[in-house]
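Everything below concerns the one structure shown next.
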Amino acid sequence: MEIYQLLPKTNCKICGESTCMAFAVALLGRKKNISECTPILEGDFKKQKEKLEALLLPSAGAEETGMIVHPEICTGCGNCVVACPVDVANDPKGAAIGCAPTNDKVIFRVVDGKVVASNIKECRRFGKNRVLCYACIDPCPTGAIEFV
Amino acid sequence: MATCPGCALLCDDIEVIVENNRIKETKNACRRGAARIKGCINRLEPKIAQKPSDIESAVRKAAEILGNAKSPMLFGWSNSTCEAQVKGIQLAKKLGAIIDDTSSFCQGLLIEKLLQKKFRTCTLEEVRNKADVLVYWGSDAQDSEPRHLSRFSYFPRGESRQRGYEEDRIAIAIDVRESNTAKICKGHFYRIQPKGDREFILALIDALSGKVPAYEPKKILELASILKKAEYGVIFAGIGLTYSIKDDFDILVALADKIPNFHIMPMVGHYNMRGFNENLFKETGFVNRVKFDGKVVHDNRYSIVEALREKSIDALLVAGSDPLSSLPRSLVRHLASIRVICIDPCVTMTSKIATVTIPCAVSGVESGGTAVRMDGKIIELSKIIESDYPTDEELLSRLMGAL
Amino acid sequence: MGIDVGKFLKNPEYEIKITTYRDIFQVEAQECDRFGKDYEKLSACIVMSKNDMAKMGLKPGDRVKVTNNNGSIVVEVRESKRDEPGGVAFMVNSPWSNVLVSEESGGRGIPEFKNITAKISLVKEETTTLESLMEYFRKLQ
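Pasting the structure below:
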């Protein structure tokens, strides 16, 4: 629904879907790409497009982990970077002791004052031995990370 | 690696990607720090009487104003390097001026007691390696010093705290408001009324002395037992606490005496406020509110607030601060009737009414130097990009030369 | 009765206690452009508990006039995200909240930034702009 709200809502069908709502569903399911909605690429929708990208980008592995990051409400405090057990294990001399990550194996990094998630497949909510981990959600004061 | 001048944590693990002498991206800096490093969109321009001028003429005019003033004051300093602060103190001496900084209406009181060794304190590295009980009191570190909990206090694993926050540490918040920090301290948030800190401290002292406290006995006894059991405790004292007990500060020292494993650390927002306090203390034995009058005189009358209220100054040099924005309007309206000189990288409310404005480089971004972290550690600042603007230190030297 | 008395009366006024705080998003906006719209939007507001808002008949987004002996401002009402018991409202530290802070400091050099008493009432006016706050100082010059 959040995705739909950001689309032009004109049902122009340029993307090949019959309605904007259908396109939103396709976007969430990774069956379509934002760039297929040509009206949103034009000037007037610049802000919306950025928001959409922010909404969709972190869920690059979200089908399985369901992780969504909301950079617009993130304070960049880095609590998640340090609290994530995967980051602790993968970067004992950096993230684990509160310092900047020293390698690329961590899940959370702070870029331009906002959190960015990568290596999502490493998340403990992912894969065969998945567990319901809350280590990045509980330390976040603003609710910038959620799992759907 | 660069140092972030965003707040007094002075995070020195920042990566900055620079392209064509412009900051393209920051890594590891929080939202506040990233904004500081990226800079403001409205740079200050040299002006005299609000008319465009050049830096050289503006400096000469500033020297003329300060030299002719009967009672000049130099104020600001919490966003200046130690080197600039020392120059500022020299300038005040030369002028026989009053010097004060933003700590005067912030954490000065607490830092003064700390430098007088009235209570135990510790370093942030000690907090990371040893602390097991953390008390955020009248301090919302999450919003003011955003990486405090992640870099040093609650979340990281330390030498004697290998299991980190999950098992080895307890974070407590005492506040009027359920702040972002209080939210993280979930099960250990103690809400107090505005000005309720004194009552809370007295109740806590009672509980620690084996008496039943008069105020919320169950909660206070529970908190007292956590504090007693602490192996290495720290009270992070924010301005919420300082403001509230400013008239009766010794009760905090009395509380510290009851919990021998505890340390008190003042939470400092501006990146080098503690630096100014230490530099002036070294020179005069006081952290702020000083007049150089042949000798050193320290008096509350020499605080920016009282000086403005009593209209006892006739010229004000403001370095890296915006009193028009950060002080009560009823007070700063007096600024409109005296001559104000503004040294700042950016346009501020104060600069808009100033007689002279002189732009400077953003310290810690366009120029290096040193600063003092909130726990007293000296940290090297970085010059991340080149700039044509002179540093505030250089401007103060030129100003002194022009006198 | 058939007559809506409320229509002819001024909106009711309530006493309120205000304490100031810091918000990282407002600080960020200030770092970038202290004369910008974002800074104004994040500063010219008052955060209140659900209880207090219900008691005073206020909704999020309403504009209120906050007045005391020191001055008067119009700000937007926001509902606290937390479960606040009420009795205290919150404003970020800014030139807006500073209109309401007294210059009295008991001679000790620290004003009561965190212990403000004021009257609050619903109004239709637009929120106070930074430009109008600046205008106040320019007129004094």
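Protein chains in written order, with the numbering used here: chain A, 126 to 273; chain B, 892 to 1294; chain C, 261 to 401. Even glycine gets a Cβ: it sits at the ideal position worked out from N, Cα and C. For clarity, every value in this text was computed on a predicted model and none was experimentally measured.
- Should I306(C) be flagged as near chain A, meaning a C-beta pair shorter than 8 Å? Against the third sequence, residue 306(C) aligns to sequence position 46. Judged by the 8 Å Cβ criterion, I306(C) is not in contact with chain A.
- Three-state secondary structure (DSSP) at S216(C)? Absent from the structure is residue 216(C), since the part of chain C shown begins at 261 and ends at 401.
- Nearest neighbour of N271(C), chosen from P345(C), G317(C), Q401(C) [CA to CA]: Position 11 of the third sequence, counted from the first residue, corresponds to residue 271(C). Of P345(C), G317(C), Q401(C), the residue nearest in Cα terms is G317(C).
- Going along chain B, which residues have a C-beta under 8 Å from D322(C)? Residue mapping note: residue 322(C) aligns to position 62 of the third sequence, counting from 1. Within 8 Å Cβ-Cβ: nothing; D322(C) doesn't reach chain B, min ~21 Å.
- Query: Ends of the beta strand (DSSP E) at N328(C)?
  - Reply: Here residue 328(C) refers to the residue found at position 68 of the third sequence. Where N328(C) is concerned, the enclosing beta strand (DSSP E) stretches over 323-328.
- Message: I need the DSSP call for R1054(B), collapsed to helix, strand or coil.
- Response: For the purposes of this step, residue 1054(B) is taken as residue 163 along the second sequence, with counting starting at 1. In the structure shown, R1054(B) sits in coil (DSSP, three-state: anything other than H, G, I, E or B).
- Query: Using a C-beta cutoff of 8 Å, does N375(C) count as contacting chain B?
  - Reply: In the third sequence, counting from the first residue as 1, residue 375(C) sits at position 115. Cβ-Cβ to chain B under 8 Å: yes for N375(C).
- Task: Could you confirm whether any beta carbon from chain C is found closer than 8 Å to the beta carbon of T200(A)?
- Result: Here residue 200(A) corresponds to residue number 75 of the first sequence, with the count starting at 1. Yes - at least one Cβ of chain C is within 8 Å of the one on T200(A).
- Kindly indicate the opening and closing residues of the alpha helix (DSSP H) around A1094(B). In the second sequence, the residue the question calls residue 1094(B) occupies position 203. Residues 1088-1099.
- Query: For a contact meaning CB atoms closer than 7 Å, what does G1131(B) contact in chain C?
  - Reply: Walking along the second sequence from the start, residue 1131(B) turns up at place 240. Per Cβ cutoff of 7 Å: K374.
- Message: Counting only beta-carbon separations shorter than 8 Å, does P1047(B) have a partner in chain A?
- Response: Reading the second sequence from its first residue, position 156 is the one you call residue 1047(B). Taking Cβ atoms only, chain A reaches closer than 8 Å to P1047(B), which makes this a yes.
- Message: Please state the DSSP three-state secondary structure of H1154(B).
- Response: Residue numbering aside, residue 1154(B) sits at position 263 when the second sequence is read from its first letter. Strand, per DSSP.
- Message: Once DSSP output is grouped into helix, strand and coil, what is the label at Y259(A)?
- Response: Here residue 259(A) is taken as the residue at index 134 of the first sequence, counted from 1. Correct three-state label for Y259(A): coil.
- Message: Looking only at its chain, what residues have a beta carbon closer than 6 Å to the beta carbon of E1197(B), apart from the 5 residues adjacent to it on each side?
- Response: If you number the second sequence from 1, residue 1197(B) lands on position 306. Only N1191 meet the Cβ criterion.
- Please name the residue in I1130(B), A1145(B), K1137(B), D1141(B) whose C-alpha comes closest to that of E1100(B). Looking up residue 1100(B) in the second sequence gives position 209. For the record, residue 1100(B) in the displayed sequence is Ser; it is not Glu. Per the Cα distances, A1145(B).
- Query: Under 8 Å between the Cβ atoms of A304(C) and E336(C)?
  - Reply: Numbered from 1 along the third sequence, position 44 holds the residue referred to as residue 304(C). Numbered from 1 along the third sequence, position 76 holds the residue referred to as residue 336(C). Contact flag set, yes.
- Unbroken alpha helix (DSSP H) run spanning P1250(B), endpoints: Residue mapping note: residue 1250(B) aligns to position 359 of the second sequence, counting from 1. Unbroken run through P1250(B) is the beta strand (DSSP E), 1247-1250; no alpha helix (DSSP H).
- Query: Among the residues of its own chain, which have a CB less than 7 Å from the CB of E1285(B), if the five just before and after it don't count?
  - Reply: Here the question's residue 1285(B) lines up with position 394 in the second sequence. Excluding positions up to five away in sequence, the list is empty.
- Tell me which same chain residues have a C-beta within less than 8 Å of the C-beta of L1112(B), skipping the five on either side of it? Taking the first residue of the second sequence as position 1, residue 1112(B) is located at position 221. So the qualifying residues of the chain are A1098, V1103, P1104.
- Query: Taking the Cβ atom as the reference point for each residue, do L1006(B) and V1178(B) lie within a distance shorter than 8 Å?
  - Reply: Indexing the second sequence from 1 puts residue 1006(B) at position 115. Indexing the second sequence from 1 puts residue 1178(B) at position 287. Against a cut-off of 8 Å, the Cβ pair of V1178(B) and L1006(B) comes out as a contact.
- Item | Same chain, Cβ closer than 6 Å to R1019(B), five either side skipped, listed in chain order | Taking the second sequence and counting its residues from 1, one reaches residue 1019(B) at position 128. Contacts found: F1043, P1047, G1049.
- Message: Rounded to the nearest angstrom, what separates T190(A) and E906(B) at their Cα positions?
- Response: Position 65 of the first sequence, counted from the start, is the residue given in the question as residue 190(A). Position 15 of the second sequence, counted from the start, is the residue given in the question as residue 906(B). Spanning the two alpha carbons is a distance of roughly 29 Å.
- Given a limit of 9 Å on CB to CB distance, which residues of the segment 276-291 of chain C reach chain A? I284, F285, E288
- Excluding the 5 residues preceding and the 5 following A185(A) in the sequence, name in chain order all residues of the same chain whose CB lies nearer than 6 Å to its CB. Your numbering for residue 185(A) matches position 60 in the first sequence. The pLDDT assigned to A185(A) is 48, lower than 50, so where the model puts this residue is not dependable, and the model offers no usable value.
- Item | Neighbourhood of L901(B) by C-beta distance below 7 Å, restricted to the same chain and skipping five residues each side | Against the second sequence, residue 901(B) aligns to sequence position 10. Excluding sequence neighbours, L901(B) sits near T894, C895, Y1162, A1262, R1264, I1270.
- Message: For a minimum of 4 consecutive residues, which ranges assigned as the alpha helix (DSSP H) are wholly contained in the segment 1159-1199 of chain B?
- Response: 1164-1175
- Task: Could you say which of L131(A), Q130(A), P164(A) lies nearest to C140(A) if we only look at CA atoms?
- Result: Stepping through the first sequence from its first residue, residue 140(A) is reached at position 15. Comparing Cα-Cα distances from C140(A) to each of L131(A), Q130(A), P164(A), the minimum goes to P164(A).
- Partners in chain A for Q837(B), counting only beta-carbon separations shorter than 9 Å: No answer is possible for residue 837(B): the residues shown for chain B start at 892 and end at 1294.
- Helix, strand or coil at S1254(B) according to DSSP, with G and I counted as helix: Sequence index remark: in the second sequence, residue 1254(B) carries index 363 (1-based). The answer is strand: DSSP assigns S1254(B) an E or B state.
- Whose CA, out of S381(C), T377(C), E273(C), L382(C), lies closest to the CA of N329(C)? Within the third sequence, the letter at position 69 stands for residue 329(C). If we check each option's Cα against that of N329(C), T377(C) comes out closest.
- Cα-Cα separation between F1010(B) and S1194(B), rounded to whole angstroms: Residue mapping note: residue 1010(B) aligns to position 119 of the second sequence, counting from 1. Residue mapping note: residue 1194(B) aligns to position 303 of the second sequence, counting from 1. Distance between the alpha carbons of F1010(B) and S1194(B) is about 24 Å.
- Task: Answer with yes or no whether the minimum CB distance from D237(A) to chain B is below 8 Å.
- Result: Along the first sequence, read from residue 1 onward, the residue named residue 237(A) stands at position 112. Closer than 8 Å: yes.
- Beta carbon proximity, N1168(B) to chain C, threshold 8 Å: Reading the second sequence from its first residue, position 277 is the one you call residue 1168(B). So no, N1168(B) is outside the interface.
- Task: Could you work out which residues of chain B lie near E344(C), taking near to mean beta carbons separated by less than 7 Å?
- Result: What you label residue 344(C) is simply residue 84 of the third sequence in a count that begins at 1. Correct list: E1069.
- Minimum Cβ-Cβ distance from E293(C) to chain B less than 8 Å: Working through the third sequence from its first residue, we reach residue 293(C) at position 33. The displayed chain sequence assigns Asp, not Glu, to residue 293(C). With 8 Å as the cut-off, D293(C) counts as an interface residue toward chain B.
- Cβ-Cβ distance between A1094(B) and C1076(B) below 8 Å: Stepping through the second sequence from its first residue, residue 1094(B) is reached at position 203. Stepping through the second sequence from its first residue, residue 1076(B) is reached at position 185. Contact flag unset, no.
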